[in-house]
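Chemist: Under the numbering used here, the residues of the sequence shown are numbered 15 to 243, in order. All C-beta atoms, glycine included, are put in the ideal place defined by N, C-alpha and C.
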Amino acid sequence: MGMKAKVALGAVVGVVVIGAVSANGGGDDGKASGGDKGSSASANRDSGTDAGKGSGSDAAEKKVAFEGDGDFQVGSDIKPGTYRTTGNTDDMCYWERAKDASGEVDSLLANDNVSGTSYVTVQATDKIFKSSGCNDWEAVDPKAEGGSPATKMAGDGGMFRVGVDIAPGTYKSTGNTDDMCYWERAKDAEHSLDSIIANNNVSGSAVVTISASDAYFKTSGCQDWKKTS
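(1) Could you spell out where the beta strand (DSSP E) holding Val255 opens and where it closes?
(2) Three or more C-beta pairs closer than 8 Å, one from the segment 137 to 147 and one from the segment 185 to 193: is that the case here?
(3) Per the DSSP calculation, Thr184 is bridged to which residue(s)?
(4) When you compare the CB positions of Ile142 and Ala164, do they come within less than 7 Å of one another, or not?
(5) Which residue comes first and which comes last in the beta strand (DSSP E) that contains Leu122?
(6) Using DSSP with H/G/I as helix, E/B as strand and the rest coil, what is Thr242?
(7) Classify Ser145 as helix, strand or coil using the three-state DSSP reduction.
(8) Leaving out five residues on either side along the sequence, give the residues of the same chain with a beta carbon under 7 Å from the beta carbon of Gly39.
(9) Could you name the residues of the same chain whose beta carbon sits closer than 6 Å to that of Lys232, not counting the 5 residues immediately before and after it, in chain order?
(10) Which of the three DSSP states is assigned to Ser209 in this structure?
(11) For Thr99, which residues does DSSP report across the bridge?
(12) Among the residues of its own chain, which have a CB less than 6 Å from the CB of Ala115, if the five just before and after it don't count?
(13) Alpha carbon to alpha carbon, how far is Lys93 from Ser225?
(14) How many angstroms separate the CA atom of Val88 from the CA atom of Ala138?
(15) Could you give the DSSP three-state label for Val216: helix, strand or coil?
(16) Are the beta-carbon atoms of Arg98 and Val136 separated by less than 7 Å?
(17) Please state the DSSP three-state secondary structure of Gly235.
Here you go:
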């Protein structure tokens, strides 16, 4: 597996977005394991269930859409839609949406290096979806409602669906160092700059209010989050 260079349009180091520096701070500093499984969302959390515990119906409905390694042509190899990969570690999962198969930087629509969970919406106008070092991708319904959204989440858990994986509200993460904690509120899973509602890199304590109208919350390199109100 070759070197993965992040040129993420939605998370480029040094780009100022909504008054904050957008960077996918994926370092090991400040990592903490998921806490109370009864109310915590983690990288292995299935939607609408406790952390790392999928219900029987959930397990039966989960279907692998495509593998985590390969280049896939949109429309023939994979269908447009929203996909999820879970259980990835150490930012070794890399994905990329591209407008052609040239492999040039100009062909990039969006990309990311992932720890934990990632959701990606592949558009019908995309030509290529690349995935390297990721766990298998499964198709998800972005409009599906969850059962019991969590009020805690792993600080390096990746992306969480608001109202499905986690409950909306105000969350706090403490003990972060060296601006390695990155959080992002997003309106969709396209990972463009327009997808970002707000984001920040944090040292010390981080407090963020996740709105019920937000689609996703992304967290990388942070200490665990707990809902305070």
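Modeler: If we stick to the structure as given:
(1) Because the chain is modelled from 15 through 243, residue 255 falls outside the range shown and cannot be assessed.
(2) Result no; under three Cβ-Cβ pairs closer than 8 Å.
(3) Answer is Thr223, bridged to Thr184.
(4) Not a contact, by the Cβ cut-off of 7 Å.
(5) Per DSSP, Leu122 belongs to the beta strand (DSSP E) from 122 to 136.
(6) Coil.
(7) Secondary structure of Ser145 (DSSP, three-state): strand.
(8) Any reading at Gly39 needs caution, since the residue's pLDDT is 37, under 50, leaving its predicted position unreliable; the model's value is listed next. Within its own chain, the residues whose Cβ lies closer than 7 Å to the Cβ of Gly39, once the five positions on either side in sequence are excluded, are Asp193, Met194, Cys195, Tyr196, Asn215, Ser234, Gly235, listed in chain order.
(9) Contacts found: Met173, Glu198.
(10) Looking at Ser209 - three-state DSSP - the assignment turns out to be helix.
(11) According to DSSP, which records beta bridges pairwise, Thr99 is partnered with Ser132.
(12) Only Ile142 meet the Cβ criterion.
(13) When rounded, the distance between both Cα atoms is 30 Å.
(14) Val88 and Ala138: Cα-Cα distance of roughly 7 Å.
(15) Strand, per DSSP.
(16) Judged by their CB atoms, Arg98 and Val136 are not nearer to each other than the 7 Å cut-off.
(17) Coil, per DSSP.
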